[in-house]
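A short write-up of the structure that comes next.
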Amino acid sequence: MNEVVFYILAAIIVIAGLLVVSLRNIVHSALFMVLAFIGVAGIYVMLGADFLASVQILVYAGAIAIFMVFGIMLTQRGNMQQTNLFSKQAGVTGVVSLGLFGLIVFLTSKTDWIKSTESINKDTIPTIADAMMSTYVVPFEVAALLLTVAMIGAIIIAKGVNKSQ
Amino acid sequence: MIGLNHFLILAGALFCIGMFGALSKRNAIAILMGIELMLNSVNINLVAFSRFVTPKVLTGQIFAIFVIVVAAAEVAVGLALIFAIYRNRVSVNVEDFDWLKW
């Protein structure tokens, strides 16, 4: 049962990813990217990371994908049919990507990972909350600062400079 | 039995697909989509290692939350840059951005 679910989710993720990078219509690519994100959220649930799955759907499928669709809407004009073509070095890139994938498969199957036999942590939210507020409080605050700076910076860059000044 | 290797190979496949998309597409927004796929694959790796190596301490999941935060900030700034370039050049085709070419 576990294996069937994993292979279905893996097929969804890999096929959606391949369609994202190979379709010619960029709006279709964005929609398949949302499917890939939802598949990844399913993998997180399989790994026992339920809070992270909710965050993934909220942030990635709910905000970043919408952001991409808005970007497409504001920067493409006319017909959306041929908006996502390959560049001239697509063949070499494909060979390099396949080579890297082969290397990853070979190396991960050769390494014997030190696995633990403890049972998984079932209450993830209290554990994450405790760790965020005690051990990782500095990265937490820095992440908040990063988000504020990114928001202000994105607004200024997208607004542009008034040429008369 | 689904072990650690299954999740690592899935994350490796998603990373290679994202890398192929980021390096071989002409549209700048499609390159950002490839980068997002790569970041998702890294998150799968982190959560898989957290589940199989240290199941009680959820360090991998916390790291993955921070990766999601950074990815969101990067998409915001990246799209703002694309809007700024589009305002000047009326194109998001990266083959048209050739000011720095010799």
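Sequences listed follow chains A and B, in order. If you read the first sequence in our numbering, its first letter stands for residue 941, the second for the next number, and so on. If you read the second sequence in our numbering, its first letter stands for residue 8, the second for the next number, and so on. Built from N, CA and C at the ideal position, the CB exists for glycine as well.
Residues are counted here when their Cβ sits less than 7 angstroms from a Cβ of chain B; for the region 1015-1035 of chain A these are Thr1015, Thr1023, Asn1024, Leu1025, Phe1026, Ser1027, Gln1029, Ala1030, Thr1033, Gly1034, given in chain order.
If you draw a straight line from the Cα of Val1032 of chain A to the Cα of Gly1039 of chain A, it is about 11 angstroms long. Lys32 of chain B counts as buried, since no fewer than 16 other beta carbons sit within 10 angstroms of its beta carbon. For chain A, the residues of the region 10-29 of chain B that bring a beta carbon within less than 9 angstroms of one of its beta carbons are Gly10, Leu11, Asn12, His13, Phe14, Leu15, Ile16, Leu17, Ala18, Gly19, Ala20, Leu21, Phe22, Cys23, Ile24, Gly25, Met26, Phe27, Gly28, Ala29, in chain order. The continuous alpha helix (DSSP H) containing Ser1037 of chain A extends over residues 1030-1050. Neighbours of Phe1046 of chain A across chain B, judged by C-beta separation under 8 angstroms, do not exist; the nearest C-beta is about 10 angstroms away. If you ignore the 5 residues before and after Ile952 of chain A, its C-beta comes within less than 6 angstroms of the C-beta of Gly979, all in its own chain and listed in chain order.
Not a single CB atom of chain A sits nearer than 8 angstroms to the CB of Leu107 of chain B. Excluding five sequence positions before and after Gly41 of chain B, the CB atoms of its chain that fall closer than 6 angstroms to its own CB belong to Gly25, Gly28, Ala29, given in chain order. In the structure shown, the three-state DSSP call for Lys1055 of chain A is coil.
Legend: CB atoms of the region 1063-1089 of chain A lying less than 7 angstroms from CB atoms of chain B belong to residues Thr1064, Thr1067, Ile1068, Ala1071, Met1072, Tyr1076, Pro1079, Ala1083, Leu1086, Leu1087. Annotation note: the region 18-92 of chain B contains no uninterrupted beta strand (DSSP E) run of length 3 or greater. With its beta carbon at least 8 angstroms from every one in chain B, Ser994 of chain A lies outside the interface.
Taking a contact as a CB-CB distance under 8 angstroms, the pair Asn50 of chain B and Ile75 of chain B counts as one, their CB atoms being some 7 angstroms apart. Listed in chain order, the non-local C-beta contacts of Ala18 of chain B below 6 angstroms within the same chain comprise Ser48, Ile51, Asn52, local neighbours out to five positions each way being set aside.
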